[in-house]
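Protein chains in written order, with this note's numbering: chain A, 2 to 293; chain B, 85 to 307; chain C, 63 to 472.
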Amino acid sequence: MIECNNLTHYYGRKLVYENLNFHVREGSILGLLGKNGTGKTTTINILNGFLQPRNGECLIFGENTQHLSPQTKAKIGFLIEGHIQYSFMNIRQIEKFYSGFYPNWKPAPFWELMSKLNVTPMQKISTMSCGQRSQVALGLILAQDPDLLILDDFSMGLDPGYRRLFIDYLREYAKAENKTIFTTSHIIQDMERLIDDMLVLDFNGVLAQTSVNEFMGSFKRFDFVLENDKADLKKASFVVNLDKVKNKVELYTYSSESIVKKYLDDNNIKVSNFAQVKMELEDAFIGLTGKY
Amino acid sequence: MMWKSIVYKEWLKIRWFFVGYTLLGILGIGYLFLTVKHSFAFNGGKNTWNIVLFLGHQFFSPLKYVPLAGGLTIAIAQYFPETVNKRIKLTFHLPLGENKILLMMHAFGSISLLLSFLIFFGLFTGFSLIYFPVQMVADSLISIFPWFLAGFSAYFLVALIVLEPAWKFRLFYSLVGGFFLTIYYTSAVTAAYGPANTGLFVLTAFLSIALLFSAHRFRKGEM
Amino acid sequence: MEKISRYLLVFIAILTLAVILPKLYWMAFEKPVRKPFILYSCINDDFMIHRISEKTWEDTKGNPYTREEYEQKLPMMFLKQLLSSGTMPDSIKGIALDMRDITGAKSFFRLKVNEIDAPAPALYPLFESQSGRAMLDLPDDFFRITWRIDFIDAATNKVLEEKSQMFSGALYQKGFSFPAKKISGLATPRKSIDEGYLIMDSKDQLFHLKMIKGFPYVKKIDVPEDLKFRHISCVDFKNKDFYAYLFSDKNEIYILTQDDYKLIKWPIDGFEASNCDLKIWGDLFNYTVIIEAEDHIKTIALSPDYQVVNTYTENWKLKEEQTEGKIFASLFPAQVSMTSDNSKFIRFYFSLSKRLNWIFFNLLLFAIHFIWLYRRKAKFRNHLADLGMVAVCGIFGFIAIHFFQNKFFE
């Protein structure tokens with residue numbers, strides 16, 4: 002459904018990424034994760050046709066995102082960062098406005114969501130809170146009923162309650178109707194509840210591209226205490242990331258426990274309190290990308 | 085069918101500005117002719133005609149910047165809300181060609197402006213014909229025509245400038261646009277603009293698609 | 063379509079810059095031309111030249127004069143001054159000077175070049191030429207000549223049918239071919255007497271129209287077949303020798319004598335109506351015709367029977383020939399202006415620089431842009447039009463294509 006090939010982009014002379022390749026299968030929910038400045042916004046902008054990459058292309062439904070046909074655009078639902086909408090309209094007006102563009106417009110889910118909010122139909126969007134606006138945005142997407150949803154940071158500015166509501170609604174909707182979602186967010190816990198697949202960017206390019214289950218199954222954290230706090234483990238090939246404070250170590254790796262232990266023995270590194278620590282996606286993400 | 089939604093959105097944005105501006109303009113024209121009526125009553129018809137014909141009195145001069153104000157007002161009312169938080173991204177996402185949408189929005193704004201201008205033009209001509217013979221009215225229409233063209237140009241230029249993503253280029257466009265508008269306002273005797281009006285009309289028409297340029301830059305990711 | 067949008071913007075930018083940059087340049091660097099003030103001396107039989115800004119007075123041979131000496135040579139002009147200083151002569155050239163003769167013979171006429179190519183008034187007032195009153199009154203109605211002559215009452219904006227029909231009939235009877243091409247006259251009540259209007263009809267025939275005691279006076283004036291007038295200026299001189307100065311489209315100057323309507327050609331050459339200002343001083347002894355062009359002033363003194371007695375010409379450099387003009391031509395290929403000194407109409411006046419020095423500057427800008435493109439590794443094929451515009455339009459093109467960039471169009 003989405004296919005990006007050899008994406009390369011610079012900001013001025015600064016390289017964002019080079020030869021980025023990924024695809025999103027139909028019916029899957031892909032989360033784009035990465036620290037600030039790793040190119041998440043760039044990717045979203047390219048997907049939405051708001052940025053021309055220096056090299057490479059993105060295809061949605063087989064069409065280049067720089068020139069999407071109207072028919073294809075009708076099948077894509079779009080959420081702007083911050084749930085930006087035309088705030089000079091009120092709820093009734095905005096529903097009326099968008100309904101004119103989509104022949105398969107379904108007003109029911111929109112109004113259902115609106116009834117849960119404490120708002121009148123005549124209330125201007127500019128007077129609503131961030132959370133209420135996110136509901137409006139969600140309702141509009143549900144009413145449009147697109148095959149593909151592209152959400153840019155759906156959790157920004159939302160209270161935990163609204164975030165939870167958003168995610169639950171979205172996931173249920175997507176799975177029930179076999180929708181495809183491409184999303185980014187800062188809040189990894191939210192992503193964990195929502196996504197099937199993940200694409201992790203860092204400053205050098207793709208760090209991981211896999212399903213969440215696979216990742217959580219293979220990416221491990223081992224904590225232990227070094228006897229000799231000068232011992233250097235960084236050279237070990239299996240080390241993805243290492244966090245060392247005095248002699249307490251957090252080791253992140255894809256390798257098995259036995260390989261790690263074997264390395265420690267081979268290099269005569271004595272440790273104590275060795276344990277594998279169970280991680281949530283957020284811990285794993287930080288472990289993968291580092292704290293800095 | 086989709087154009088109806090677009091018209092709906094644009095109307096929501098400009099309706100109060102449009103109504104307010106048109107009413108103010110009508111009041112302005114009414115005031116203008118009150119001054120003419122006063123001159124006829126206090127100076128006499130022949131003296132009023134005399135200063136208009138031979139002493140360079142341009143009784144219509146209060147209208148000078150009225151169309152320009154309209155162009156600026158409608159353009160800002162229409163396009164400024166699109167650039168706050170880059171809301172225009174929403175418009176570009178709609179299932180229509182991007183240029184098509186822009187031109188529809190632009191056409192709506194232009195037609196609204198045209199409607200206001202036709203009302204002013206019509207009222208002005210009607211009132212003038214009460215006080216002046218058709219030749220004098222024709223000469224004054226020749227003089228005010230470039231001011232109406234300037235109103236359209238201002239509308240087109242503000243759309244171009246507001247949609248431009250980079251501040252540096254907004255400044256450049258503003259400089260060029262500002263100086264360009266002075267071409268419509270060269271100080272001149274009544275009916276002097278006659279030979280230039282056709283050329284000015286063509287130039288104004290050229291500007292009608294200017295906004296596509298900055299919108300294109302926006303969509304290519306210019307910062 | 064975005065490409066077209068860009069090219070149209072670039073075009074408008076080039077046009078705007080071609081208007082603004084030269085204008086700013088001249089505003090900063092143009093030097094005023096110090097035209098001398100020249101009169102003909104009936105005492106010297108020579109022209110007296112007053113250079114106003116240098117505060118000098120001299121004759122054509124360069125002999126200096128003090129201000130008083132200068133005024134002594136021009137008694138007709140400085141009558142009041144000489145009378146009050148007691149230096150007014152009693153006679154000149156054997157002719158005894160009578161104050162009334164002197165003041166009665168004085169006349170001044172001025173035609174600025176932009177008065178000819180200018181919008182014409184829509185209507186004219188036809189004064190009652192024999193009202194019996196000392197001062198003229200503005201009439202209550204104004205006339206226009208379309209398919210007939212209409213008199214429209216100003217207070218009511220209504221056509222006066224009877225009067226219109228009466229005058230239309232009078233014109234028609236004299237062979238007037240409607241509509242009028244040109245109506246010339248003095249439309250102001252501030253004149254000593256009303257002599258109506260000289261009107262050219264659609265067949266270039268010339269008529270004299272007056273209103274006498276409310277009734278039309280129309281006279282068809284005999285004009286030779288091949289004589290066409292470009293402009294007619296009616297005059298109100300005390301001496302009442304002629305009704306008007308007439309300017310033919312061959313740049314000849316005629317006068318139309320009063321009462322017998324004879325067209326007399328003045329032996330003036332060197333006058334070009336399209337770019338010269340004209341001043342004509344008349345006095346008891348001479349007519350002095352002063353032709354002011356962009357780069358010279360030519361004065362011709364005529365005797366009272368219109369024969370040339372003396373001429374004098376002074377030249378100076380056009381502003382294009384001065385240093386500022388040369389620098390201008392090195393920077394700008396052309397200038398566009400909405401106004402012209404030679405017309406009151408607003409047009410797009412385009413003037414190419416007289417020298418071609420700007421070509422070097424254009425090539426320099428071309429090279430700069432070329433290097434700029436090269437540094438950015440641009441595909442030159444996409445920038446040919448831009449490079450062409452820099453080459454042809456120079457600084458205007460260069461600025462325009464950088465303000466409205468050719469980015470994202472590959």
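For glycine and all other residues, C-beta sits at the position ideal for the given N, C-alpha and C. From a predicted model like this one, the values you see are computed outputs, not experimental measurements.
Against chain C, does residue i count as a neighbour if the rule is that its beta carbon must be under 9 Å from one of theirs?
i	result
Gly114(B)	no
Thr270(B)	yes
Phe201(B)	no
Ala280(B)	yes
Val273(B)	yes
Which chain C residues sit within Cβ distance under 8 Å of residue i?
i	result
Ala153(B)	Result: empty, since nearest Cβ-Cβ is about 22 Å, beyond 8 Å.
Arg171(B)	Simply none; closest approach about 21 Å.
Gln219(B)	Ala184, Leu185 and Arg206
Ala294(B)	Ser67, Leu70 and Leu71
Using a C-beta to C-beta distance shorter than 7 Å, which residues of chain B count as neighbours of residue i?
i	result
Pro71(A)	Pro179, Leu180 and Gly181
Leu139(A)	None at all; the shortest Cβ gap to chain B is about 15 Å.
Lys231(A)	Those within 7 Å of Lys231(A) in chain B number zero; the least Cβ separation is about 47 Å.
Whole-angstrom Cβ separation of residue i and residue j, contact assumed at under 8 Å?
i	j	result
Ile61(A)	Leu149(A)	7 Å
Lys93(B)	Phe98(A)	5 Å
Val278(A)	Arg222(A)	5 Å
Ala391(C)	Trp434(C)	At roughly 26 Å, the Cβ-Cβ gap does not stay under 8 Å, so Ala391(C) and Trp434(C) are not in contact.
Ser100(A)	Lys125(A)	Between Lys125(A) and Ser100(A) the Cβ distance is about 19 Å, and since that is not below 8 Å, they are no contact.
Any beta carbon of chain A sitting closer than 9 Å to that of residue i?
i	result
Met189(B)	no
Pro165(B)	yes
Leu174(B)	yes
Can you pull the chain B neighbours of residue i, defined as C-beta to C-beta under 9 Å?
i	result
Met280(A)	Going along chain B, no residue has its Cβ under 9 Å from Met280(A), so there is no contact; the nearest lies around 36 Å.
Ala75(A)	Leu178 and Pro179
Gly83(A)	Asn169
When you compare each of the options to residue i by their alpha carbons, which one comes out closest?
i	options	result
Arg68(C)	Phe297(B), Phe302(B) and Thr282(B)	Phe297(B)
Ala355(C)	Ile105(C), Lys341(C) and Leu425(C)	Lys341(C)
Trp100(B)	Tyr277(B), Tyr149(B), Ala153(B) and Thr157(B)	Thr157(B)
Thr375(C)	Gly332(C), Ser405(C) and Tyr368(C)	Gly332(C)
Ile113(B)	Val168(B), Ser196(B) and Pro146(B)	Pro146(B)
Ile317(C)	Phe304(C), Leu136(C) and Leu70(C)	Phe304(C)
Phe432(C)	Asp367(C), His464(C) and Ile408(C)	His464(C)
Ile85(A)	Arg55(A), Asn65(A), Glu281(A) and Ala138(A)	Ala138(A)
Pro98(C)	Ile82(C), Asp345(C), Ser115(C) and Arg292(C)	Ser115(C)
Ala249(C)	Met86(B), Val91(B), Asn134(B) and Leu116(B)	Asn134(B)
His270(C)	Leu188(C), Asn372(C) and Leu393(C)	Leu188(C)
Leu116(B)	Asp223(B), Lys148(B) and Val91(B)	Lys148(B)
Glu306(B)	Ala80(C), Lys290(C) and Asn468(C)	Asn468(C)
Quick check on residue i - is its C-beta less than 9 Å from some C-beta in chain B?
i	result
Tyr170(A)	no
Phe102(A)	yes
Gln94(A)	yes
Met90(A)	yes
Tyr255(A)	no
Asn46(A)	yes
Lys97(A)	yes
Gln190(A)	no
Ala90(C)	no
Using a C-beta to C-beta distance shorter than 9 Å, which residues of chain A count as neighbours of residue i?
i	result
Arg303(B)	Gly50, Phe51, Leu52, Gln53 and Gln67
Give the residues of chain C in contact with residue i, contact being defined as C-beta atoms less than 7 Å apart.
i	result
His300(B)	Glu64 and Phe470
Phe263(B)	Thr78 and Ile82
Tyr215(B)	Asn219
Tyr277(B)	Ile408
Gly283(B)	Phe410
Could you name the residues of chain A that residue i contacts, counting a contact when the two beta carbons are closer than 8 Å?
i	result
Asp207(B)	Correcting the residue identity first, residue 207(B) is Leu in this sequence and not Asp. Those do not exist, as Leu207(B) stays about 31 Å from chain A at its closest Cβ, beyond 8 Å.
Strictly below 8 Å CB to CB, what residues from chain B border residue i?
i	result
Asp339(C)	By Cβ distance, chain B contributes nothing, its closest Cβ being about 18 Å from Asp339(C), past 8 Å.
Gln86(A)	Arg171 and Leu174
### Task
Could you name the residues of the stretch 206-217 of chain A whose beta carbon sits closer than 7 Å to any beta carbon of chain B, in the order they occur along the chain?
none
### Task
Please name the residues in the stretch 86-109 of chain B whose beta-carbon is closer than 7 Å to at least one beta-carbon of chain A, in chain order.
Within the stretch 86-109 of chain B, Met86, Lys88, Ser89, Tyr92, Lys93, Leu96 and Lys97 place their CB atoms closer than 7 Å to a CB of chain A, listed in sequence order.
### Members of the stretch 115-130 of chain B near chain C, C-beta cut-off 8 Å
Phe124, Gly128, Gly129 and Lys130
#### Entry: Interface positions of the stretch 424-457 of chain C facing chain B (Cβ-Cβ less than 7 Å), listed along the chain
Of all residues in the stretch 424-457 of chain C, none has a C-beta nearer than 7 Å to a C-beta of chain B.
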